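Worksheet: one structure, shown below.
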Amino acid sequence: MNGKATDKTELQSAYDVANAGKTTDSKYYNASKDLKDKYDEALTKAKGYLDNPNATQAEVEAGKQALEEAKNALNGKATDKTELQSAYDAANAGKTTDSKYYNASQDKKQAYDEALAQATKLLNDKNASQKAVDDAVANLEKARAELNGEPNFIGGDYTPSEPLTPSTETPAEKTTEKILMYASYLYDNKGIKIDKPTVKSYVTVVVAETPVTINGIKYYKVAGKDEYIKAGNIDGTLRVITHNSYIYNNKGKATRNKGIKRLV
């Protein structure tokens with residue numbers, strides 16, 4: 001017999017490259033399912049020839065050719081992360097600017113943070129598939145949509161998210177608009193400070209017309225909410241002027257109005 005030993009060197013090299021490409025080559029992991037299936041089938045056959053000590057040279061060469069054809073047929077494109085980057089930037093900024101997040105319940109914030117973490121991981125993964133990236137965008141949007149934080153003060157005005165509904169048992173409260181003279185905390189009906197962001201000065205709020213007294217301190221009740229603002233932050237404090245004074249605007253600049261004279 002003068003037959004030579006089967007040479008599997010080229011098939012082994014082709015197999016190694018093709019197998020590694022399943023996780024590193026976007027032409028594979030972003031390809032259509034039918035083409036990936038053919039690629040996987042060619043890989044399986046090539047592995048069979050490599051493991052078969054009786055494989056003929058013709059089988060080995062056919063296996064190599066099948067791998068090359070399957071690889072050339074792949075139609076996957078480079079992963080586009082543009083939409084994920086935009087979604088991530090908006091979601092990450094929202095953690096400090098959106099009351100829907102920072103006033104949300106802990107479980108909703110956790111789901112949001114996990115979606116952000118997954119997005120970060122994929123943005124940093126050079127081999128992330130398009131499907132994984134698209135799924136991450138969908139997860140971010142879903143997590144944001146499920147945030148249940150209530151709005152605080154939007155565009156300078158306070159808008160209760162759940163206004164009280166008038167009924168025969170509980171008449172609608174009479175409300176009025178007030179401007180905060182000072183930055184203010186929110187309190188509950190026992191006068192205990194609520195863990196919410198401070199309300200900025202010169203913001204218009206809708207409150208009950210008549211202030212209430214809690215532990216000796218007057219508060220205005222926020223309309224439709226069980227939240228209270230100290231009346232002094234709205235009404236200010238009456239003081240006797242001891243010197244002639246200028247009138248200033250909310251930027252600290254003197255106005256052209258005549259000053260106020262002290263009482264003689």
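When we follow the UniProt record's numbering, the leftmost residue of the sequence shown carries the number 1, and every step to the right adds one. All C-beta atoms in this analysis are idealised placements derived from N, C-alpha and C, irrespective of residue type, glycine included. Source: prediction; values computed, not measured.
message: What would DSSP say about Ser201, mapped onto helix, strand or coil?
response: If you number the sequence shown from 1, residue 201 lands on position 201. Assigned with DSSP and collapsed to three states, Ser201 falls in coil, not helix or strand.
message: Please list the terminal residues of the continuous alpha helix (DSSP H) segment that includes Ile234.
response: Reading the sequence shown from its first residue, position 234 is the one you call residue 234. It spans Gly232 to Asp235 - the alpha helix (DSSP H) in which Ile234 sits, taken as one unbroken run.
task: Verify whether the separation of the beta carbon atoms of Tyr220 and Val205 is less than 9 Å.
output: For the purposes of this step, residue 220 is taken as residue 220 along the sequence shown, with counting starting at 1. For the purposes of this step, residue 205 is taken as residue 205 along the sequence shown, with counting starting at 1. Yes, they are a contact pair.
field: DSSP state of Ser13 mapped onto helix, strand, coil
entry: Stepping through the sequence shown from its first residue, residue 13 is reached at position 13. Here Ser13 sits in helix by DSSP.
- prompt: Tell me, which residues are paired with Ile229 by DSSP?
  reply: In the sequence shown, the residue the question calls residue 229 occupies position 229. Answer is Tyr220, bridged to Ile229.
task: Please go through the same chain and pick out, in chain order, the residues whose beta-carbon is closer than 7 Å to the beta-carbon of Asn215, but skip the five residues on each side of it.
output: Position 215 of the sequence shown, counted from the first residue, corresponds to residue 215. Counting only Cβ-Cβ distances below 7 Å, and skipping sequence neighbours, we find Gly191.
field: Extent of the continuous alpha helix (DSSP H) run through Lys126
entry: As a working note, residue 126 is residue 126 in the sequence shown. It is not in any alpha helix (DSSP H) - Lys126 carries neither H nor E in the DSSP assignment.
field: First and last residue of the uninterrupted alpha helix (DSSP H) at Thr210
entry: Sequence index remark: in the sequence shown, residue 210 carries index 210 (1-based). Per DSSP, Thr210 lies in no alpha helix (DSSP H) and is assigned neither H nor E.
query: Skipping 5 residues on each side, what residues in its chain have a beta carbon closer than 6 Å to that of Ala183?
result: Counted from its first residue, the sequence shown places residue 183 at position 183. Within the same chain, Ala183 has close Cβ partners Thr198, Lys200 and Ser201.
task: Could you check if Gly48 is buried or exposed, using at least 16 other CB atoms within 10 Å of its CB as the buried criterion?
output: Counting from 1 along the sequence shown, the entry for residue 48 is found at position 48. So Gly48 counts as exposed.
- prompt: What number of angstroms, rounded off, separates the C-alpha of Ala208 from the C-alpha of Lys174?
  reply: The count along the sequence shown starts at 1 and reaches residue 208 at position 208. The count along the sequence shown starts at 1 and reaches residue 174 at position 174. Between Ala208 and Lys174, the alpha-carbon positions lie close to 6 Å from each other.
query: Is it right to say Pro211 is buried, meaning 16 or more other beta carbons lie within 10 angstroms of its own, or is it exposed?
result: Taking the first residue of the sequence shown as 1, we reach residue 211 at position 211. Under this definition Pro211 is a buried residue.
query: Does DSSP put Glu150 in a helix, in a strand, or in coil?
result: If you number the sequence shown from 1, residue 150 lands on position 150. Glu150: coil per DSSP, three-state reduction.
query: Is there contact here, the segment 2-14 with the segment 55-70, by at least three beta-carbon pairs under 8 Å?
result: yes
message: Within a Cβ cutoff of 8 Å, which residues of the same chain sit near Lys193, ignoring the five residues on either side of it in sequence?
response: Reading the sequence shown from its first residue, position 193 is the one you call residue 193. Closer than 8 Å at Cβ, skipping near neighbours: Tyr185, Leu186 and Tyr187.
task: Could you tell me which of Lys109, Val60 and Asp107 sits nearest to Thr44, measuring between CA atoms?
output: By 1-based counting over the sequence shown, the position of residue 44 is 44. Cα-wise, what sits closest to Thr44 is Val60.
field: Beta-ladder partner(s) of Tyr187, from DSSP
entry: Counting from one through the sequence shown, the residue named residue 187 turns up at place 187. Tyr187 is bridged to Lys193 and Tyr228.
- prompt: Which first and last residues belong to the beta strand (DSSP E) in which Lys178 is found?
  reply: Along the sequence shown, one-based indexing puts residue 178 at 178. If you look at Lys178, you'll find it in the beta strand (DSSP E) that goes Thr175 to Ile179.
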